[in-house]
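Enquirer: This is the structure I have questions about; it appears just below.
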Amino acid sequence: MTVSSTAYNSLPGQTDSTPDVTASGTKTRHGVVAANFLPIGTRIKIPELYGDQVFIVEDRMNPRYWYKVDIWMEDYDDAIQYGVQNIEIEVYPNS
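The numbers in numbering that gives the first Met the number 0 rise by one with no breaks, and the one at position 70 of the sequence shown is 69.
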């Protein structure tokens, strides 16, 4: 599935009043993504960028964004450099 993707950080200007806590209640960390079109807990891979690494949907985005994935990154500059990319994702539904 091809989706638009961006990257975000745990900064108050990019999130709500609890920038280090995801919508599912976990702490932001490497491997967390935000997506509104997939259930919380869904595992995805982004092979062209991250190979076999598994990401978990633990966060949500502004409701106006639907088929989009937001990848959490620790470094602000890395997120800015990432920009907006169309990526292919592999979705592994919860069992």
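For each residue, glycine too, the CB sits at the ideal point set by N, CA and C.
1) DSSP beta-bridge partners for residue 95?
2) Should residue 43 be labelled buried (16 or more other beta-carbon atoms within 10 Å of its own) or exposed?
3) Report yes if the C-beta distance between residue 36 and residue 66 is below 8 Å; otherwise report no.
4) My understanding is that residue 59 touches residue 22, with C-beta atoms under 8 Å, so please give their C-beta distance in whole angstroms.
5) Between which residues of its own chain and residue 5 is the CB-CB distance below 6 Å, once the five residues before and five after are set aside?
6) Taking the DSSP output, what are the residues bridged to residue 63?
Expert: If we stick to the structure as given:
1) The chain is shown from 0 up to 94; residue 95 falls before or after that span and cannot be answered.
2) In the sequence shown, counting from the first residue as 1, residue 43 sits at position 44. Its Cβ being crowded by 16 or more others within 10 Å, residue 43 is buried.
3) Your numbering for residue 36 matches position 37 in the sequence shown. Your numbering for residue 66 matches position 67 in the sequence shown. In contact: residue 36 and residue 66 (Cβ atoms closer than 8 Å).
4) What you label residue 59 is simply residue 60 of the sequence shown in a count that begins at 1. What you label residue 22 is simply residue 23 of the sequence shown in a count that begins at 1. The pair is a contact, with the Cβ atoms about 4 Å apart (cut-off 8 Å).
5) For this step, residue 5 is matched to residue 6 along the sequence shown. 69, 83.
6) Start at 1 with the first residue of the sequence shown, and residue 63 comes out as number 64. Per DSSP, none; premise fails for residue 63.
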